[in-house]
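To start, the structure under review is shown below, and the notes come after it.
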Amino acid sequence: AILRWRQGAIRPPAGRGLVLIGLGMLGFGLYQVLWTIGLTQISAGDSALIVAASPVLVALLAGAVGMDVLSPPKLAGALIAFAGVAVVITGGQGVSLGSSLLGDGLTLGAATLWAVYTVGGTRILRHVDPLQATTWTVIGGSLILVPLGLVDAAARGGGGFSPATVVAIVYSGAFAAGIANVLVFNAIRFVGPTRATAMQFLVPAGAVVLGAVFLAETVGLPQVLGGVVIVFGVWLTRRPAIVSATVRARLPLAR
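Remember, the numbering used here sits 237 above the position in the sequence shown when you count from 1.
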């Protein structure tokens with residue numbers, strides 16, 4: 238609706254519509270399928286820890302294909318922030334990674350798909366508006382998720398959805414998949430994929446704070462220390478790197 242209001246029509250960008258739909262099928266569709274199935278095999282903590290590796294995978298992939306300059310501060314910051322996430326999620330108690338190789342593998346596959354989606358979107362964003370890119374990637378993801386959802390609903394007897402379920406679906410589609418993705422794509426255009434996705438490391442720390450404020454959950458020392466480590470790691474990824482003019486000119490985000 239917003240895209241139609243801004244541009245007068247909902248049409249794919251010339252020559253890039255199929256690419257965006259394909260990226261959406263990977264980053265929204267197959268990602269959700271792998272992550273959901275993996276979550277049935279491993280604990281929520283293990284799943285969160287593996288998915289939290291996505292920004293590190295983005296940094297490595299973006300550097301490998303020339304979509305970003307993988308400077309030492311960026312790589313070190315991403316790894317340090319990931320370590321902080323591990324402390325926050327596990328509470329210093331350790332995890333049970335390896336208890337289900339299938340679950341771990343599926344979840345790692347989901348994290349890898351998100352990295353591919355992010356890096357692939359980086360190249361597209363040189364030519365396509367973030368709102369337009371988000372619209373068509375969400376459409377691509379819907380091509381996988383909607384049929385699966387209908388099949389699942391039929392298998393459950395076709396019963397109606399509760400109001401809470403409807404609200405959750407609308408929120409996930411409009412905010413988590415829609416508005417949030419537009420913001421991420423805009424951030425990628427300005428600071429590159431590594432720095433933009435490094436902000437994802439703040440999610441676990443933010444969840445701890447919100448849980449304490451709204452749910453009266455207890456915040457332990459591991460969460461506090463992990464949060465400090467995360468903030469330091471994210472700050473480190475934002476340190477400017479010395480990049481030659483020749484290398485900078487090859488980057489897709491070069492102005």
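Quick reminder that beta carbons are idealized off the backbone N, C-alpha and C, glycines included.
Short Cβ contact (8 Å threshold) for residue 326 with residue 275: Between residue 326 and residue 275, the C-beta spacing is not below 8 Å.
Reference residue 415; option with closest CA among 359, 404, 429 and 375: Closest option to residue 415, Cα to Cα, is 375.
Member of 420, 368, 346 and 411 whose CA lies at the smallest distance from the CA of residue 284: 346
Through-space distance from residue 310 to residue 270, alpha-carbon basis: 34 Å
Local Cβ density within 10 Å of residue 389, reported as buried at 16 or more and exposed below that: exposed
Proximity below 8 Å, CB of residue 264 to CB of residue 354: yes
Proximity below 8 Å, CB of residue 361 to CB of residue 266: no
Residue 287 beta carbon less than 8 Å from that of residue 341: yes
Residue 399, buried or exposed, once every other Cβ within 10 Å from all chains shown has been counted against 16: exposed
Under 8 Å between C-beta atoms of residue 448 and residue 324: no
Close beta carbons around residue 430, own chain, < 7 Å, minus the five adjacent residues each side: 295, 299, 304, 305, 355, 356 and 359
Assumed close pair residue 437, residue 337 - CB separation to whole angstroms, cut-off 8 Å: With a Cβ gap of about 24 Å, residue 437 and residue 337 do not count as contacting.
Closest by C-alpha distance to residue 422, when choosing among 364, 273 and 317: 364
Cutoff 8 Å; reference residue 445; Cβ partners in own chain excluding five residues on either side: 325, 454, 456, 460 and 464
Residue 439 vs residue 317 beta-carbon contact at 8 Å: no
Which of helix, strand or coil DSSP assigns to residue 437: helix
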